[in-house]
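Right, one structure below, let's go through it.
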Ligand code: HEC
Ligand code: HEC
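In this note's numbering, the protein residues as written are 37 to 221.
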């Protein structure tokens, strides 16, 4: 046999490759208990109103089970209807009854005051900001908008069609006063 050593070397190499293949297959094979956790396929209504005490875990998950992922709620639409909403209490900043897209409010300019400054209010038929917006922290009246009230969106928000996120039983003072007192209260 001329090539005896060559044949032995080839045979050994083949055997070694087979061994490596089997070992790799054994190691790479997923173990029985490692079946992948099924991802929630049904969309979960992330807009569902949270009802405290109804067996839900917390307000942020909105009743979505802990092993599932709720899809984020759709963006709310800004309402641009010029309709004022009732204020829940006297010092509530009124919601903005118009869209404010592109209204710049920064160090250099305040677009809101173009219409809501006392001097311009008549021209634009906008309600002027109330006196509180000209008062500094010592209750002194300033000639221009107070720095405390400069960034309007800090307190005023646009009106949207966003649903109530957390169920609540808030009643304003008028409805409380109009309810006849019961014997126990
Ligand atoms: C082009 C003029 C104009 C600009 C600019 C403007 N507004 Fe108005 N705003 C009005 C008018 C007019 C009304 C009265 C209601 C209506 O017609 O929508 C109003 C109403 C409001 C109200 C309701 C007041 C109430 O008593 O209920 C708020 C709050 C308000 N605007 C805040 C803002 C804020 C904050 C900005 C800047 C981001 C702004 N507005 C920019 C014209 C304007
Ligand atoms: C720190 C919170 C805060 C900031 C900032 C603020 N407001 Fe107000 N705003 C209020 C509150 C509270 C009221 C209701 C009570 C009152 O008039 O002070 C109000 C009332 C108003 C009203 C109704 C006035 C009326 O007589 O009914 C308008 C219009 C208004 N704000 C516009 C603005 C504009 C424009 C800016 C920005 C230049 C602004 N606000 C900044 C809190 C704020």
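Glycine included, each C-beta is placed from N, C-alpha and C at the ideal position.
Collapsed DSSP secondary structure at residue i in the structure displayed
i	result
residue 187	coil
residue 196	strand
residue 206	coil
Inter-residue CB distance, residue i and residue j (contact presumed, cutoff 8 Å)
i	j	result
residue 153	residue 163	In fact, because the Cβ distance is near 11 Å, the residues do not count as touching under 8 Å.
residue 133	residue 117	7 Å
residue 195	residue 115	4 Å
residue 182	residue 169	6 Å
residue 167	residue 177	7 Å
residue 124	residue 210	Rounded, the Cβ-Cβ distance is 10 Å, inconsistent with contact.
residue 197	residue 113	5 Å
Bridge partner(s) assigned by DSSP for residue i
i	result
residue 27	Residue numbering for the chain in the displayed model covers 37 to 221; residue 27 lies beyond these limits and cannot be assessed.
### Query
Under a criterion of Cβ closer than 7 Å to any non-hydrogen atom of ligand 1, which residues qualify, in chain order?
Going along the chain, the residues that qualify are 118, 120, 129, 130, 131, 132, 133, 134, 136, 139, 141, 147, 148, 150, 151, 152, 160, 161, 162, 163, 188, 189, 192.
### Task
Run through the segment 101 to 172 for me and flag every whole alpha helix (DSSP H) of 4 or more residues, listed as ranges in chain order.
For the segment 101 to 172, whole alpha helix (DSSP H) runs of length 4 or above, ordered along the chain, are 148 to 152, 154 to 160.
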